[in-house]
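Trainee:
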Amino acid sequence: MTTHTTDTTTTAPDAFAPEQTPRLEWAKHAPEVWKAMLRLEKAAGEGLDLKVKELVKIRASQLNHCAFCLDMHTKDALAAGESVERIVQLAAWEESRHFYTERELAAIELTEAVTVLTDGFVPDEVYEKAARFFDEAEMAHLIAAITVINAWNRFGVTCRLTPGHYTPGQH
Numbered sequence: 005m006t007t008h009t010t011d012t013t014t015t016a017p018d019a020f021a022p023e024q025t026p027r028l029e030w031a032k033h034a035p036e037v038w039k040a041m042l043r044l045e046k047a048a049g050e051g052l053d054l055k056v057k058e059l060v061k062i063r064a065s066q067l068n069h070c071a072f073c074l075d076m077h078t079k080d081a082l083a084a085g086e087s088v089e090r091i092v093q094l095a096a097w098e099e100s101r102h103f104y105t106e107r108e109l110a111a112i113e114l115t116e117a118v119t120v121l122t123d124g125f126v127p128d129e130v131y132e133k134a135a136r137f138f139d140e141a142e143m144a145h146l147i148a149a150i151t152v153i154n155a156w157n158r159f160g161v162t163c164r165l166t167p168g169h170y171t172p173g174q175h
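First residue of the sequence shown? That's 5 in the working numbering, and the numbers climb one at a time after it.
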């Protein structure tokens with residue numbers, strides 16, 4: 005019989021992994037781009053329901069594996085009154101459709117189609133479904149909001165921005 009011993013003098017057995025250091029504080033080095041992105045985000049979201057906006061941001065961030073944006077937008081959604089249950093179920097929305105309205109589902113489905121363009125074009129049926137729930141001005145803003153969160157995700161993932169330090173409403 006072999007016995008195993010664990011050296012706990014250097015690392016506690018229940019210690020968290022170390023936090024990764026960001027690669028680049030891009031906003032600090034490109035402040036005009038940062039300001040332009042903030043203006044674009046504000047303009048893109050005009051007239052859209054807050055819950056729809058946050059669901060779109062969370063879902064795109066899940067698909068893009070942007071931990072920083074997931075941290076930010078789940079906190080913002082919770083602060084805005086979104087339920088933990090709906091946020092958790094968003095990763096499996098197709099199996100959890102009953103948590104969302106038809107309008108929200110159309111926005112989530114459009115978010116996936118726009119975010120994952122490598123799978124092909126945005127299918128007509130996905131676009132048409134969303135167009136049934138959003139008028140043309142809302143559609144324009146919804147598409148813009150989806151596009152903007154995808155841009156933020158690319159900054160976050162590429163620069164390896166660190167999640168966990170965001171306070172709701174900070175940006």
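Glycine included, each C-beta is placed from N, C-alpha and C at the ideal position.
All of these numbers come straight from a predicted model, not from anything done at the bench.
(1) From what residue to what residue does the alpha helix (DSSP H) around residue 72 run?
(2) The alpha helix (DSSP H) with residue 38 in it runs from where to where?
(3) Verify whether the separation of the beta carbon atoms of residue 23 and residue 166 is less than 7 Å.
(4) Determine the contact status of residue 80 and residue 58, defining contact as a CB-CB distance below 7 Å.
(5) Okay, do the segment 82 to 89 and the segment 117 to 135 touch, 3+ Cβ pairs below 8 Å being the bar?
(6) Tell me which residues share the same chain as residue 83 and place their Cβ nearer than 8 Å to its Cβ, disregarding the 5 neighbours each side in the sequence.
(7) Applying the criterion that 16 or more other CB atoms from any shown protein chain within 10 Å of the CB defines a buried residue, is residue 110 buried or exposed?
(8) By how many angstroms is the C-alpha of residue 38 removed from the C-alpha of residue 62?
Mentor: The short version:
(1) Residue numbering aside, residue 72 sits at position 68 when the sequence shown is read from its first letter. 71 to 83 is the span of the alpha helix (DSSP H), which, as asked, contains residue 72.
(2) The residue given as residue 38 occupies position 34 in the sequence shown. Residue 38 -> alpha helix (DSSP H) spans 35 to 49.
(3) To locate residue 23, count along the sequence shown from 1; it is residue 19. To locate residue 166, count along the sequence shown from 1; it is residue 162. Closer than 7 Å, so yes.
(4) Position 76 of the sequence shown, counted from the first residue, corresponds to residue 80. Position 54 of the sequence shown, counted from the first residue, corresponds to residue 58. Yes, these two residues count as a Cβ contact at 7 Å.
(5) no
(6) On the sequence shown, position 79 is the one that residue 83 refers to. 172 and 173, listed in sequence order.
(7) Residue 110 sits at position 106 when you count from the first residue of the sequence shown. That one is buried.
(8) Mapped onto the sequence shown, residue 62 falls at position 58. Mapped onto the sequence shown, residue 38 falls at position 34. Straight-line Cα distance between these residues: approximately 20 Å.
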